[in-house]
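In this note's numbering, the protein residues as written are 2 to 450. The block underneath contains the structure these notes are about, expressed in structure tokens.
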């Protein structure tokens, strides 16, 4: 049903989501971007080397052919930049093929500029080390075999140019100078890029761990929902029995003449009705009678009714309700969201039974709800773990689930929950929800039950 909010996670969906999160590891995309950056450095280095050696040292390089190879590398890197511009999962095969292109271009340039006698042949080590860091084990060994074959091919098939190898001249030898430059280049690039690759890996591991933790928390909610639904079913029969007994007591002659007893029976029936409403709300949120679970209304109507109902059913001494939403919009609210807001209010009431403030505002396309109390506030350790289960100062078994459920419901709707301690005392809990998650579509486009 379009516009309807159903916060009923499915175990199978959550498990598939967790697996998908692991498959779409964010480090792969970041590492591909690093390879693209490294390739641009290779382009700049090759251009500098070609013209530096050809003009500065007077060595007759086959410049047209080398520029053709370089243009292919530039074209491939531009295509890679367009292909991986948007964040998307990068497979091991994609990284392997990208490194294979780099090895191919390096081999072609070495063949045209001295082959095995070119000191920059040791750049193959850079490709092997990057493969060991980025790729799976089997593909790394394939890259080792390919680079070894390329180096052997350069030794067996001399290219159009042969460079003199004269290490006996010491530092005056161009080969020795090239070796030193190659070593420094390899070392600098490895330190720079492997440091960044490791940082990407750690960030990716942290994100996957967070997604796994979120899946575990949502699975915890499923278990609690099943328990709550079962308990609601079990409570239905005794509540109905108590309702019948209270009705019989009201009609008994010896009690009907006692005004004090009638007043107490009336209060008991009111509280019993409240218990039955809570049980009905649990069953609605659990998925039964779903046609009644979502209510078509407006923001102001929903919040005004909720504040009035909550105030009338709780022993609050002073309750301030400030609704500053001027542009009212049609929305669809689920009973789960109503219970979420009531959970925040109930938690604040336990901490501050004398004074409570509930403020509602709208900023851009978001609904902001702030509940402020005058209680002792949150402990510093709790502020750092808002939304974690069983984080509570009440010291009772099972406490601390209120904010845990609030945070997870808000997160399901794309919202956030933050908490802070006030300077003047007490605490404030801020619930922000995107209007897109609850806004009612036009009747011509969608039909809301």
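Yeah, the Cβ is synthetic: ideal placement off N, Cα and C, and Gly gets one too.
- The beta carbons of residue 194 and residue 35 sit about 6 Å from each other, so the pair counts as a contact at 8 Å.
- Runs of the alpha helix (DSSP H) lying entirely within the region 104-184 and spanning at least 4 residues, in chain order: 125-135, 138-157.
- In this structure residue 100 touches residue 132 by the C-beta definition: roughly 6 Å separates them, less than 8 Å.
- Residue 91 carries a coil assignment under DSSP once its states are collapsed to helix, strand and coil.
- Taken through DSSP and simplified to helix, strand or coil, residue 310 comes out as helix.
- Boundaries of the alpha helix (DSSP H) around residue 84: 64-84.
- In this structure, residue 93 places its C-beta atom within 7 Å of the C-beta atom of residue 136.
- Classified as exposed, residue 185 has fewer than 16 neighbouring CB atoms from the shown chains inside 10 Å of its CB.
- With a 10 Å radius around the Cβ and a threshold of 16 neighbouring Cβ atoms, residue 413 comes out buried.
- For residue 280, same chain residues with a beta-carbon under 8 Å away, outside a window of 5 residues either side, are 233, 236, 237, 240 in chain order.
- Secondary structure at residue 372: strand, using DSSP grouped into helix, strand and coil.
- In the structure shown, residue 30 falls within a helical segment according to DSSP collapsed to helix, strand and coil.
- Following the DSSP letters along the chain, one finds residue 255 in no beta strand (DSSP E) but inside the alpha helix (DSSP H) bounded by residues 254-257.
- Relative to the Cα of residue 78, the nearest Cα in the group 197, 41, 69 belongs to 41.
- Under DSSP, the beta-bridge partners assigned to residue 435 are 367.
- Ranking 379, 72, 436, 76 by CA distance to the CA of residue 369 puts 436 first.
- When the Cα atoms are used, residue 417 and residue 408 turn out to be separated by approximately 7 Å.
- In this structure, residue 342 keeps its C-beta atom at 7 Å or more from the C-beta atom of residue 301.
- The straight-line gap separating the alpha-carbon atoms of residue 61 and residue 123 is approximately 22 Å.
- According to the DSSP assignment, residue 321 belongs to the beta strand (DSSP E) that extends over 319-324.
- Among the bridge pairs identified by DSSP, residue 297 is matched with 333.
- Residues of the same chain with a CB within less than 6 Å of the CB of residue 322, apart from the 5 flanking positions on each side, are 308, 359 in chain order.
- Residues 240 of the same chain have their beta carbon placed closer than 7 Å to that of residue 277, with the five preceding and five following residues left out of the count.
- The residues 320, in chain order, have a CB closer than 6 Å to that of residue 312 in the same chain once the five nearest residues on each side in sequence are set aside.
- Taking the Cα positions, residue 63 is about 16 Å away from residue 118.
- At the C-beta level, residue 349 and residue 357 come within 7 Å of one another.
- Comparing alpha-carbon positions, the option among 329, 46, 53, 54 lying closest to residue 107 turns out to be 46.
- Residue 182 counts as exposed, since fewer than 16 other C-beta atoms from the protein chains shown sit within 10 angstroms of its C-beta.
- In this structure residue 67 touches residue 113 by the C-beta definition: roughly 5 Å separates them, less than 8 Å.
- Rounded to the nearest whole angstrom, the C-alpha separation of residue 180 and residue 126 is 13 Å.
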